[in-house]
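Undergrad:
There are 2 protein chains.
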Amino acid sequence: MPKFIGEFDGKIDAKGRIVIPVGLKKQLPEDSFNHLVINRGFDKCLVIYTRNDWETETQKLEGLDSFNKLDRQFIRIFNNGATEIGLDTANRVLIPKKLSQYAEIESDVVLYAYNNKIEVWSKKNYESQMAIDPDEFSKMAETVMSKKKNDE
Amino acid sequence: MPKFIGEFDGKIDAKGRIVIPVGLKKQLPEDSFNHLVINRGFDKCLVIYTRNDWETETQKLEGLDSFNKLDRQFIRIFNNGATEIGLDTANRVLIPKKLSQYAEIESDVVLYAYNNKIEVWSKKNYESQMAIDPDEFSKMAETVMSKKKNDE
DNA sequence: TCTTTTTCTTACACTATATGACACAACTCT
DNA sequence: AGAGTTGTGTCATATAGTGTAAGAAAAAGA
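Line by line, the protein sequences are chains Y and X.
So that you can map any letter, position 22 of the first sequence is 22 in this note's numbering, and since no number is skipped, the others follow by simple counting.
So that you can map any letter, position 78 of the second sequence is 230 in this note's numbering, and since no number is skipped, the others follow by simple counting.
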């Protein structure tokens, strides 16, 4: 499983393409250049996985109960919009229009890579997502990490 | 885990690079020269880790649930734009523009190394951060250390 | 103290990358 | 078929990134 890291600024061009900066491209396995999957994220962003990782992710859904209405709906929505994409000759990926609309991407974007995901944000949404003051953040840390402890 | 120590003055050049002084470079494990991670710290400074240490830090996040909104946001903010960097042929590191802006770094910088972190400050912010009179400092010690005791 | 070596600083030159414009192919719709 | 839309590739240019070198300053050794 690739471990991505980095935060990159970029733009979407008139045709809806975003350049994958070299710093990020270098982290991608070569055989994934033409086998990436992009989908809606849970927040107003898009997520790019390698095809392999995407399959791993969807396997997490396998335990769900396809006789259960809510589960079925979730699976449907989760898969909706997932599209395979690839790098073109200029290291760009074409973002399907539906998805860029969903993420409210118009011109400036931020690529935010961590773990096995590359998140694609409109700059505006990215900034408001990240705007949090240190005190709030440390409270958040307590909540999140203590919950984690209880789970164990 | 490396244990850094020292305070170094330096400058950022027109291309956004900062020289890692030899005294500091010697403290870095050789195999980390091209695998350093930099990201935003609290208090308008930047923090550099070795990639290994960074991964140790982020392992704390591993049990979190990416289907949970708060957890996701926490992960994102914790990562905070971490980016991998390396030393060039002249022992410099290129600071991503976004980050130097965040830390208000324009010309003079201070590298402040302790534990497994190297903090990068603009000289101005560093000085105002460190400007404190002895009485205040001792009061601060009481507050901080007694709180710690209660936690234990 | 003087010499030698190392480290720092600055400047510059070269390479790689990002960006925007444009041309054209494929496809859709009327 | 023709007009419009969408997808893909190419190119030129500006900017960002990287490497090299020379002199100044500092440190180390004799």
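Virtual Cβ for every residue (Gly too), placed ideally from N, Cα, C.
For residue 101 (chain Y), which residues in chain X fall below 8 Å Cβ to Cβ?
TA: Mapped onto the first sequence, residue 101 (chain Y) falls at position 101. Under the 8 Å cutoff, chain X gives no residues; its nearest Cβ is about 21 Å from residue 101 (chain Y).
Undergrad: Is residue 206 (chain X) closer than 8 Å to residue 234 (chain X) when the C-beta atoms are compared?
TA: Counting from one through the second sequence, the residue named residue 234 (chain X) turns up at place 82. Counting from one through the second sequence, the residue named residue 206 (chain X) turns up at place 54. Closer than 8 Å, so yes.
Undergrad: Do residue 254 (chain X) and residue 196 (chain X) have their C-beta atoms closer together than 8 Å?
TA: In the second sequence, counting from the first residue as 1, residue 254 (chain X) sits at position 102. In the second sequence, counting from the first residue as 1, residue 196 (chain X) sits at position 44. Result yes, Cβ atoms of residue 254 (chain X) and residue 196 (chain X) sit closer than 8 Å.
Undergrad: Using DSSP with H/G/I as helix, E/B as strand and the rest coil, what is residue 269 (chain X)?
TA: Position 117 of the second sequence, counting from 1, holds the residue named residue 269 (chain X). In this structure, residue 269 (chain X) counts as strand in the three-state DSSP scheme.
Undergrad: For my contact list, residue 170 (chain X) and residue 245 (chain X) are in at a C-beta cut-off of 8 Å; report their separation, rounded to the angstrom.
TA: Translated into the one-based positions of the second sequence, residue 170 (chain X) becomes position 18. Translated into the one-based positions of the second sequence, residue 245 (chain X) becomes position 93. Sure, about 6 Å apart at Cβ, within 8 Å.
Undergrad: Indicate whether residue 36 (chain Y) and residue 85 (chain Y) have their beta-carbon atoms separated by less than 8 Å.
TA: Taking the first residue of the first sequence as 1, we reach residue 36 (chain Y) at position 36. Taking the first residue of the first sequence as 1, we reach residue 85 (chain Y) at position 85. Cβ distance < 8 Å, so residue 36 (chain Y) and residue 85 (chain Y) count as in contact.
Undergrad: Under 9 Å Cβ-Cβ, which residues of chain Y neighbour residue 189 (chain X)?
TA: Against the second sequence, residue 189 (chain X) aligns to sequence position 37. Simply 5.
Undergrad: Can you pull out the residues from the stretch 229-247 of chain X whose beta carbon lies closer than 7 Å to at least one beta carbon of chain Y?
TA: Flagged, chain order: 229, 231, 233, 234, 235, 236.
Undergrad: Can you name the start and end residues of the beta strand (DSSP E) that residue 55 (chain Y) belongs to?
TA: Walking along the first sequence from the start, residue 55 (chain Y) turns up at place 55. Segment 51-59 is the alpha helix (DSSP H) holding residue 55 (chain Y); no beta strand (DSSP E) there.
Undergrad: Identify the contact partners of residue 224 (chain X) in chain Y, using a Cβ-Cβ distance below 9 Å as the criterion.
TA: If you number the second sequence from 1, residue 224 (chain X) lands on position 72. Simply 41, 42, 43.
Undergrad: Where does residue 125 (chain Y) fall in DSSP's three states?
TA: Walking along the first sequence from the start, residue 125 (chain Y) turns up at place 125. Three-state result, residue 125 (chain Y): helix.
Undergrad: Determine, using beta carbons only, whether residue 216 (chain X) comes closer than 8 Å to chain Y.
TA: Taking the second sequence and counting its residues from 1, the one referred to as residue 216 (chain X) is at position 64. Interface residue, yes.
Undergrad: Step through the CB atoms of chain Y and report whether any lies within less than 8 Å of the CB of residue 299 (chain X).
TA: Taking the second sequence and counting its residues from 1, the one referred to as residue 299 (chain X) is at position 147. No, residue 299 (chain X) does not count as interfacial toward chain Y.
Undergrad: So is residue 24 (chain Y) buried or exposed if we call it buried at 16+ other beta carbons inside 10 Å?
TA: The residue given as residue 24 (chain Y) occupies position 24 in the first sequence. It counts as buried.
Undergrad: Cβ closer than 8 Å: which chain Y residues qualify as neighbours of residue 177 (chain X)?
TA: One-based indexing of the second sequence puts residue 177 (chain X) at position 25. Per Cβ cutoff of 8 Å: no residues; residue 177 (chain X) is ~22 Å from chain Y at best.
Undergrad: Measuring CA to CA, which of X:186, X:185, X:194 is closest to residue 131 (chain Y)?
TA: For the purposes of this step, residue 131 (chain Y) is taken as the residue at position 131 of the first sequence. It is X:194.
Undergrad: Leaving out five residues before and five after residue 61 (chain Y) in sequence, what residues of the same chain have Cβ atoms less than 7 Å from its Cβ?
TA: Counting from 1 along the first sequence, the entry for residue 61 (chain Y) is found at position 61. Once the five neighbours on either side are set aside, the close Cβ partners of residue 61 (chain Y) are 75, 78.
Undergrad: Under a three-way DSSP split, which group does residue 162 (chain X) fall into?
TA: Counted from its first residue, the second sequence places residue 162 (chain X) at position 10. Of the three classes helix, strand and coil, the one that applies to residue 162 (chain X) here is strand, per DSSP.
Undergrad: Assuming residue 237 (chain X) is part of the beta strand (DSSP E), what are its boundary residues?
TA: Taking the second sequence and counting its residues from 1, the one referred to as residue 237 (chain X) is at position 85. 235-237 is the span of the beta strand (DSSP E), which, as asked, contains residue 237 (chain X).
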